[in-house]
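In what follows, a structure is listed as structure tokens, so that the remarks can point back to it.
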Amino acid sequence: MKRNILLILLAIVFILVIWSRKEQNNEFQAEEFFDTDNLHQTADENWLRFQDESGLYAVNFPSNWQLEDSSYKNEMIRADIFHYNNTGLQIRMLSTSKDDLMDFCAFYIPQYMDEMESRWKGDIRELDREFKYIGKNYGCKSTIEFNRADGENWLLIEYIWLRKGNILVFQAGTEREEHLAQESVLDQIAASLEFLK
Numbered sequence: 001m002k003r004n005i006l007l008i009l010l011a012i013v014f015i016l017v018i019w020s021r022k023e024q025n026n027e028f029q030a031e032e033f034f035d036t037d038n039l040h041q042t043a044d045e046n047w048l049r050f051q052d053e054s055g056l057y058a059v060n061f062p063s064n065w066q067l068e069d070s071s072y073k074n075e076m077i078r079a080d081i082f083h084y085n086n087t088g089l090q091i092r093m094l095s096t097s098k099d100d101l102m103d104f105c106a107f108y109i110p111q112y113m114d115e116m117e118s119r120w121k122g123d124i125r126e127l128d129r130e131f132k133y134i135g136k137n138y139g140c141k142s143t144i145e146f147n148r149a150d151g152e153n154w155l156l157i158e159y160i161w162l163r164k165g166n167i168l169v170f171q172a173g174t175e176r177e178e179h180l181a182q183e184s185v186l187d188q189i190a191a192s193l194e195f196l197k
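Sequential numbering of the sequence shown, starting at 1, is according to the working numbering.
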């Protein structure tokens, strides 16, 4: 009888240990995307603001999207902002010796398309390239259609700005069937870009 009680108590303790570890993992996963001092509430409660102090820019995004902040590493990839697994953008910062945005884009966009096509195979083509004000900042918006060999169809959008020897790129993408709903959100995120100092 004592042995059965001891076994039951051990089983309960074992279950509690497993359950507490699962809770810790869930808390860690939830904090993984939002545990950053660079995240602030905007005046619009449906949007959040990511501020990259060392990159000297800030950008707003919908509060129901996720942020993975890697700006503290001070590397090329600064952050990922995404909505589920079918829409998102990656913020990249590159150094350049070019002082002309058109020259940079003439080199960079075809190189990006070649990299995407060699990685996933398929048909890729640029639908449009505009040099214009995106929000308050003059930049380039390149819209690319990518029909991958695995059957997935994506709309890729490159938002590119040149500032003080640095290039800031928002590499965005959404599944083709989602583009009508998501492209305008990506445009709003890009338009919210604010350079600091």
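Glycine residues also receive a C-beta, built at the ideal position from the N, C-alpha and C atoms.
Each of M102, E194 and G88 was checked against the Cα of W65, and the nearest Cα belongs to G88. The beta-carbon distance between A181 and I134, rounded to whole angstroms, is 20 Å. This is too long to meet the 8 Å contact definition. Within the same chain, and ignoring the five residues on either side of R78 in sequence, the residues whose Cβ sits closer than 7 Å to its Cβ are D52, G55, S70, S71, I91, R92 and M93. Separation of the CB atoms of E175 and N153 is rounded to 7 Å, and the pair is thereby assigned contact status at 8 Å.
In this model, E126 and W47 are separated by some 30 Å (Cα to Cα). In terms of CA proximity to I81, S63 leads the group K141, F131 and S63. Under the three-state reduction of DSSP output, K164 falls in the coil class, being neither helix nor strand. DSSP places W65 outside both helix and strand once states are collapsed to three, so it counts as coil.
The residue among V169, R163, G165 and T143 with its C-alpha nearest the C-alpha of I157 is T143. When N166, L193 and L155 are compared, the shortest CA-CA separation from L101 is found for N166. No residue range can be given for S70, since it is assigned to no beta strand (DSSP E) and is classified by DSSP as neither H nor E. Our two residues, G139 and M116, have alpha carbons roughly 22 Å apart in a direct line. S192 carries a coil assignment under DSSP once its states are collapsed to helix, strand and coil.
The Cβ-Cβ distance between K141 and E130 falls below 8 Å. Rounded to whole angstroms, the Cβ separation of I189 and N85 is 17 Å, and the two are not in contact under 8 Å.
For F170, the beta-bridge partners assigned by DSSP are I91 and Y159. Under the three-state reduction of DSSP, E115 is assigned to helix. With contacts defined as CB atoms closer than 8 Å, H179 and L162 fail to qualify as a contacting pair.
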